[in-house]
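For the protein sequence lines, the chains are A and B, in the order given.
Heads up: the first sequence is residues 30 to 154, going by my numbering.
Heads up: the second sequence is residues 30 to 154, going by my numbering.
There are 2 protein chains.
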Amino acid sequence: MPDPAQMEAAVHEYLRALNAADLDAVLALFDADASVEDPVGSPPKRGHAEIRAFYAASLSMKLTLALEGQVRVADKEAAFAFSVSLQHEGQQMVIRPIDVFRFNEAGKVVSMRAFFGPANIGTGS
Amino acid sequence: MPDPAQMEAAVHEYLRALNAADLDAVLALFDADASVEDPVGSPPKRGHAEIRAFYAASLSMKLTLALEGQVRVADKEAAFAFSVSLQHEGQQMVIRPIDVFRFNEAGKVVSMRAFFGPANIGTGS
C-alpha cells in the first residue's frame, strides 16, 4: 500500500507544480495509464498524452491554487478541497473543487476525479 | 439525473439529521440498497439494516457536525468537507472527513464514502 505521508506529499506537490506551471512535474505524479475526470461527469482523459494536453490547456489560464483545510488520506486515496483562481476570456474567476486521487502501489496517481459544479464557480477572487 | 439543488439539500439534511440525532431522517436519505464505506478502506455497510446499525452506533457518540466550505455537486455526486466533534471513551475528539455521496435518479444516496485518516483525527475541539 502507498504510504499515507507519500500520498499527502503528492497532493502538496500537485498544487506546487500547478502554481509553478511545471507541466513535467504535474505529469510525474500520474501513472502512465492514469485517468483524469475533471470535472466529474466529463469524459475522462486517459494516459499521459491526453493528461498532458489537459493540463497544458489549464495552465494557459494562469492558475493559482490554494489548499482549503486538511488533506484527507484513506486507504489508497486522498481527498482535498482547494480554490483555483484563473483567467478565462479576460475575466478573473475562482473555482472551488474537491479532488480525489487514487494511488497505485508505486505511489503514482491512477485516478483523479474533480468535483465541482456551477455553484462552485465565481468571478473575482 | 438528480437535480443539483436536491443533491446539495440532501447534504445539508444529512448534517442536520445527524446533529439532531434523527436516525430515521438519516436513513431516509439512503436508497434501500445503498452502501456506506466509512472510512474509505473499511468493509462497506450495505442496505438499511446495516446502515442503521452503523449510524445508531455513531450517534451514541453525541456527534456535532459542521460543514467546512462549499458543497461540490458534479454529475450524480456531491463532495463536502466537514468536522465532526464526538465523545469517545470519555474524551472529546474531532474528525475532519470529506464525504462523497452518489445519488440515483430518485435523489437517494446509493453510495457514501468517507475520506479520513489518522492525520484528520484530533483531540479537543
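Heads up, the beta-carbon is just placed ideally off N, CA and C, and yes, glycines get one too.
For the stretch 95-118 of chain B, the set of residues with a beta-carbon nearer than 7 Å to any beta-carbon of chain A comprises E97, G98, Q99, R101, V102, A103, D104, E106, A108 and A110, in chain order.
If you ignore the 5 residues before and after A143 (chain B), its C-beta comes within less than 6 Å of the C-beta of D67, P68, P126 and D128, all in its own chain and listed in chain order. Bounds of the alpha helix (DSSP H) holding V55 (chain A) are L52 to A57. Under the 8 Å criterion on CB atoms, A148 (chain A) is classed as interfacial with respect to chain B. Per DSSP, reduced to three states, the secondary structure at V40 (chain A) is helical. Note on geometry: alpha-carbon atoms of G146 (chain A) and E118 (chain A) lie some 19 Å from one another. Put simply, the backbone Cα of S140 (chain A) is about 13 Å away from that of P72 (chain A). L58 (chain A) is a Cβ neighbour of A39 (chain A), given a cutoff of 8 Å. In summary, the residues of the stretch 119-141 of chain A whose CB is separated from some CB of chain B by less than 8 Å are R125, P126, I127 and V129, in the order they occur in the chain. Within 8 Å of the CB of F144 (chain B), the CB atoms of chain A belong to R101, V102, A103, E106, A107, A108 and V129, in sequence order along the chain. One thing to note: A50 (chain B) has its Cβ within 8 Å of the Cβ of L88 (chain B).
When DSSP states are grouped into helix, strand and coil, E79 (chain A) belongs to the helix group. The residue from B:F83, B:P31, B:D53 and B:L52 with its alpha-carbon nearest to that of V65 (chain B) is B:F83. The Cβ-Cβ distance between L115 (chain A) and L44 (chain A) does not fall below 8 Å. By the neighbour-count criterion, in which 16 or more other beta carbons inside 10 Å mark a residue as buried, Q120 (chain A) falls on the exposed side.
Between G76 (chain A) and A61 (chain A), the C-beta spacing is below 8 Å. For chain A, the residues of the stretch 46-71 of chain B that bring a beta carbon within less than 7 Å of one of its beta carbons are P68, V69 and G70, in chain order. The alpha-carbon separation between M122 (chain B) and I150 (chain B) amounts to approximately 7 Å. DSSP places L96 (chain B) in the uninterrupted beta strand (DSSP E) bounded by T93 to A103.
Counting every other CB atom within 10 Å of its CB across the protein chains shown gives A110 (chain A) a total of 16 or more, marking it as buried.
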